[in-house]
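**Q** Can you read through this structure? Questions will come right after.
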Ligand SMILES: Cc1cc2nc3c(=O)[nH]c(=O)nc-3n(C[C@H](O)[C@H](O)[C@H](O)COP(=O)(O)OP(=O)(O)OC[C@H]3O[C@@H](n4cnc5c(N)ncnc54)[C@H](O)[C@@H]3O)c2cc1C
């Protein structure tokens, strides 16, 4: 059965872009030399038709939705290659590397930061043909899956055919690939129980820039044989290698589920309750705290913050984690007086409003960051204040979506009504306000959406002295700068599109 891939969103007032117009200046001319094209076409299907190139020119980056109103995409590849095996991926990458042609891996194109935008033109490598579970062991709790497999299809097959789950439920479950989860260091909604994807990866198969196929990890639960090489590629956003197969940790299907919901006088009280729950070692799968504005969708009164809790797994463990939540929420003055989990489950993956809002002229996006518990209240306050001070700013709201013993992810949603010719500068200023507040307080630029083109200019500041290590890794693994040029803001020989321009 083929994986099902939903189309990219289109603002309500527009048609999906079909003409080959790129919004951002730069990149390679959209042509491949005839000899290179011939060699590539001998390996796998290569599509040079305009609709395929245009489709590969964007992802779910909300700013690109505005450009879609003018029929434009951020950038254009010269061609789209569609391999279906690791050997074909290796062949395409090797030829491009030899010929000096950039290669940008892409799968679901559900990235929201322009990560799979072909920033230097060249070849867009569509990995959606690499599908299927390759092996599974219920005894060891492991499953091998090809990287282009659609997330929802993968989880469905794992449940139906092997009675297991990996527990990774990103909101984009139906839109993203397993390789995309790994490439972006993704997080699912049940992350407090199952971890982020970097906790789930046991082994990888990766094609390097010169076409060499390597495997990392995958032999044992832990090892002390040098650094963890899996983690070199997890989060590398297609800049260090093309992930072709992933071994993930998997769990028996959960026999029990428990839910509760709580409200707090302030967002800070709710954060403190979450912190105490995690510090006591309880890990309810879902522990999401919504501010007053967002909490109104889940039974809140519009003022009080709302905490939604759901756990699944062994019955004794579920009861224990919910009991810890009840004690800590009670200690922070909550009476368990709301019921919102069922509503959240029903609407958690509904993103239809995005296209409507953009079509109506609203500049809207989300920005997720991570920081220590001690830094979160100040980041929250500063991000809200700085955003609301921007001309054209309308609304900013926030929830805590993923929690850890040492800190959590804050997920901001912002919207504004700048004049149409100021949409892009307003958008850049909004990101500057939230990320500036985060970095000044020592937080992480992104928790799970990654860097893409959107955040690339912040990376040197975000990584500090460690940035030089990443640059050196890139130079060692991809000396000709073939893979996803411009990704992670890394330097390289190819001319790339930039955002913000200039
Ligand atoms: C509505 C919506 C909700 C979302 N919710 C979540 C969420 O809850 N949690 C979350 O983590 N993310 C979320 N995202 C973001 C996005 O879905 C994830 O980043 C996802 O993991 C991207 O997978 P993809 O297959 O679509 O990758 P793409 O968008 O195709 O690519 C993303 C990046 O990964 C690289 N890449 C892709 N595949 C490979 C590969 N096999 N090897 C090497 N590099 C590769 C690309 O070059 C690019 O840099 C959401 C997105 C949307 C639109």
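Numbering (this note's numbering), first residue to last: 16 to 517.
Just so it is clear, CB atoms sit at the ideal spot from N, CA and C, and this is done for glycine as well.
These numbers were taken from a predicted model, which means no experiment stands behind them.
Do residue 119 and residue 94 have their CB atoms nearer than 7 Å?
**A** The residue labelled residue 119 in the question sits at position 104 within the chain shown. The residue labelled residue 94 in the question sits at position 79 within the chain shown. Against a cut-off of 7 Å, the Cβ pair of residue 94 and residue 119 comes out as no contact.
**Q** What residue range is occupied by the uninterrupted beta strand (DSSP E) comprising residue 422?
**A** Here the question's residue 422 lines up with position 407 in the chain shown. That run of the beta strand (DSSP E) goes 422-431.
**Q** Rounded to whole angstroms, how far is the Cβ of residue 321 from the Cβ of residue 310, which I believe are closer than 8 Å?
**A** Within the chain shown, numbered from 1, the residue matching residue 321 stands at position 306. Within the chain shown, numbered from 1, the residue matching residue 310 stands at position 295. Confirmed, Cβ separation roughly 3 Å.
**Q** Kindly indicate which residue of 399, 432, 457 has the alpha-carbon position closest to the one of residue 389.
**A** As a position in the chain shown, residue 389 is number 374, starting the count at 1. Looking at the Cα atoms, 457 is the closest of the given residues.
**Q** Do residue 144 and residue 99 have their C-beta atoms within less than 7 Å of each other?
**A** Locating residue 144 in the chain shown gives position 129, where the first residue counts as 1. Locating residue 99 in the chain shown gives position 84, where the first residue counts as 1. Yes, Cβ-Cβ distance for residue 144 and residue 99 is below 7 Å.
**Q** Going residue by residue through the segment 270-358, where are the continuous alpha helix (DSSP H) segments of at least 4 residues, counting only ones entirely within it?
**A** 282-294, 307-310, 330-346
**Q** Hey, residue 217 and residue 255: beta-carbon distance below 7 Å or not?
**A** Residue mapping note: residue 217 aligns to position 202 of the chain shown, counting from 1. Residue mapping note: residue 255 aligns to position 240 of the chain shown, counting from 1. Going by beta carbons, residue 217 and residue 255 fall outside the 7 Å limit.
**Q** Pull up the distance between the alpha-carbon of residue 292 and that of residue 258, whole angstroms please.
**A** Working through the chain shown from its first residue, we reach residue 292 at position 277. Working through the chain shown from its first residue, we reach residue 258 at position 243. For residue 292 and residue 258, the distance between alpha carbons rounds to 36 Å.
**Q** Between the C-alpha atoms of residue 147 and residue 466, what's the straight-line distance to the nearest angstrom?
**A** Within the chain shown, the letter at position 132 stands for residue 147. Within the chain shown, the letter at position 451 stands for residue 466. Cα to Cα, the separation comes out at about 28 Å.
**Q** What are the partner residues of residue 152, as DSSP defines its beta bridges?
**A** As a position in the chain shown, residue 152 is number 137, starting the count at 1. 157.
**Q** In terms of alpha-carbon separation, which member of 74, 483, 81, 96 lies closest to residue 64?
**A** Your numbering for residue 64 matches position 49 in the chain shown. Ranking the options by Cα distance to residue 64, first place goes to 96.
**Q** For ligand 1, any of its heavy atoms closer than 6 Å to the Cβ of residue 74?
**A** Taking the chain shown and counting its residues from 1, the one referred to as residue 74 is at position 59. Yes; taking the cut-off as 6 Å, the Cβ of residue 74 has a heavy atom of ligand 1 nearer than that.
**Q** Where does residue 294 land, buried or exposed, given buried means 16+ other C-beta within 10 angstroms?
**A** As a first step, residue 294 is located in the chain shown; it is residue number 279 there, counting from the start. When all chains shown are included, residue 294 counts as exposed.
**Q** Starting from residue 119 and walking both ways along the alpha helix (DSSP H), at which residues does that stretch end?
**A** Taking the chain shown and counting its residues from 1, the one referred to as residue 119 is at position 104. That residue, residue 119, is in no alpha helix (DSSP H); its beta strand (DSSP E) goes 118-121.
**Q** Straight-line CA distance for residue 352 to residue 278?
**A** Position 337 of the chain shown, counted from the start, is the residue given in the question as residue 352. Position 263 of the chain shown, counted from the start, is the residue given in the question as residue 278. Cα-Cα distance, rounded: 7 Å.
**Q** Is residue 79 closer than 7 Å to residue 92 when the C-beta atoms are compared?
**A** What you label residue 92 is simply residue 77 of the chain shown in a count that begins at 1. What you label residue 79 is simply residue 64 of the chain shown in a count that begins at 1. Not closer than 7 Å, so no.
**Q** For the candidate residues 52, 57, 385, 380, whose alpha-carbon lies nearest to that of residue 410?
**A** On the chain shown, residue 410 is found 395 positions in, with the first residue counted as 1. Among 52, 57, 385, 380, the Cα nearest to that of residue 410 is on 380.
**Q** Between the Cα of residue 344 and the Cα atoms of 155, 425, 287, which residue gives the shortest distance?
**A** On the chain shown, position 329 is the one that residue 344 refers to. Per the Cα distances, 287.
**Q** Restricting to Cα atoms, I'd like to know which of 163, 376, 173 is closest to residue 437.
**A** Taking the chain shown and counting its residues from 1, one reaches residue 437 at position 422. Selected option, being the one with the closest Cα: 376.
**Q** Can you find the residues in the same chain that come closer than 6 Å, C-beta to C-beta, to residue 273, ignoring five residues on each side of it along the sequence?
**A** Looking up residue 273 in the chain shown gives position 258. 326, 333, 337.
**Q** Exposed or buried, which one is residue 362 when buried takes at least 16 other CB atoms within 10 Å?
**A** Taking the first residue of the chain shown as 1, we reach residue 362 at position 347. Exposed, by the Cβ-count rule.
**Q** Which full runs of the beta strand (DSSP E) of 3+ residues lie inside the segment 370-429, going along the chain?
**A** 378-387, 408-419
**Q** In the DSSP assignment, the beta strand (DSSP E) including residue 219 goes from what residue to what residue?
**A** As a first step, residue 219 must be located in the chain shown, where it is residue number 204. Residue range 216-222 is occupied by the beta strand (DSSP E) that includes residue 219.
**Q** Please confirm whether residue 180 and residue 300 have their CB atoms less than 7 Å apart.
**A** Numbered from 1 along the chain shown, position 165 holds the residue referred to as residue 180. Numbered from 1 along the chain shown, position 285 holds the residue referred to as residue 300. No. Outside cutoff.
**Q** If you check the beta carbons only, do residue 24 and residue 501 fall under 7 Å apart?
**A** Sequence index remark: in the chain shown, residue 24 carries index 9 (1-based). Sequence index remark: in the chain shown, residue 501 carries index 486 (1-based). Against a cut-off of 7 Å, the Cβ pair of residue 501 and residue 24 comes out as no contact.
**Q** When you compare the CB positions of residue 227 and residue 244, do they come within less than 7 Å of one another, or not?
**A** Taking the first residue of the chain shown as position 1, residue 227 is located at position 212. Taking the first residue of the chain shown as position 1, residue 244 is located at position 229. No, these two residues do not count as a Cβ contact at 7 Å.
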